[in-house]
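Peer 1: Attaching a single structure in structure tokens format; questions to follow.
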Amino acid sequence: MIEIQKVKSGRDLNKFLKLPMQLYQNEPNWVAPLLAEEKKLFNPKKNSFFNHAEVEHFLAVQDNRLVGRVSAIINHRHNEFHNEDVVFFGFLDFIDDKNVSRLLLQRVEAFGREKGMTIARGPMNFSTNDSCGMLLE
Numbered sequence: 502m503i504e505i506q507k508v509k510s511g512r513d514l515n516k517f518l519k520l521p522m523q524l525y526q527n528e529p530n531w532v533a534p535l536l537a538e539e540k541k542l543f544n545p546k547k548n549s550f551f552n553h554a555e556v557e558h559f560l561a562v563q564d565n566r567l568v569g570r571v572s573a574i575i576n577h578r579h580n581e582f583h584n585e586d587v588v589f590f591g592f593l594d595f596i597d598d599k600n601v602s603r604l605l606l607q608r609v610e611a612f613g614r615e616k617g618m619t620i621a622r623g624p625m626n627f628s629t630n631d632s633c634g635m636l637l638e
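The opening position of the sequence shown corresponds to residue 502 in the numbering used here, with each subsequent residue numbered one higher.
Quick look at the structure:
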């Protein structure tokens with residue numbers, strides 16, 4: 502069974518940040534981010550993006566093993582400027598299992614609906630000033 506868990510603590514956030522290093526350690530085309538920079542990016546006290554955004558992070562767990570992650574991101578400035586109600590999904594990484602990806606994206610959609618959003622868009626990390634897109638085979 503796959504369970505989607507909300508990141509609630511610093512320990513959870515560390516797991517969230519380190520998961521790609523486990524998933525892609527043997528992928529020659531993947532370049533690992535600097536963990537110290539990632540921690541700054543995810544710190545609301547050090548990243549002004551959080552002044553105008555709501556963000557929730559989620560981990561997918563299967564048999565006590567991390568198998569995926571995603572962030573649900575509502576950028577209020579974007580939505581006001583474009584007159585949209587968009588929840589973005591970013592930091593999307595998971596094992597090769599469509600059920601994991603489906604459950605992660607469903608959780609983003611649920612978060613968006615809870616906040617009145619009508620569109621889900623991504624993959625895009627916090628903003629276009631960060632990374633967008635994905636690595637494919």
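We put the beta carbon where it would ideally sit given N, CA and C, even for glycine. Note that this is a predicted model, so its numbers are computed, not measured.
(1) Looking only at its chain, what residues have a beta carbon closer than 7 Å to the beta carbon of F589, apart from the 5 residues adjacent to it on each side?
(2) Kindly indicate which residue of R603, N584 and P529 has the alpha-carbon position closest to the one of V568.
(3) DSSP state of V508, grouped into three classes?
(4) When the Cα atoms are used, what is the spatial distance from A537 to K509?
(5) Classify F543 as helix, strand or coil using the three-state DSSP reduction.
(6) Is there contact between the region 505-524 and the region 547-564, where contact requires at least three CB pairs shorter than 8 Å?
(7) Straight-line CA distance for V533 to M522?
(8) So who's on the other strand from G591, going by DSSP bridges?
Peer 2: Quick answer:
(1) Excluding positions up to five away in sequence, the list reads I574, N576, R622, G623 and M625.
(2) Just measuring C-alpha positions, the residue of R603, N584 and P529 sitting nearest V568 is R603.
(3) Note: V508 maps to coil in three-state DSSP.
(4) If I take the Cα positions, the gap works out to 20 Å.
(5) Of the three classes helix, strand and coil, the one that applies to F543 here is coil, per DSSP.
(6) These segments touch.
(7) Looking at the sequence provided, one finds Ala at residue 533 rather than Val. C-alpha separation (whole angstroms): 7 Å.
(8) S572.
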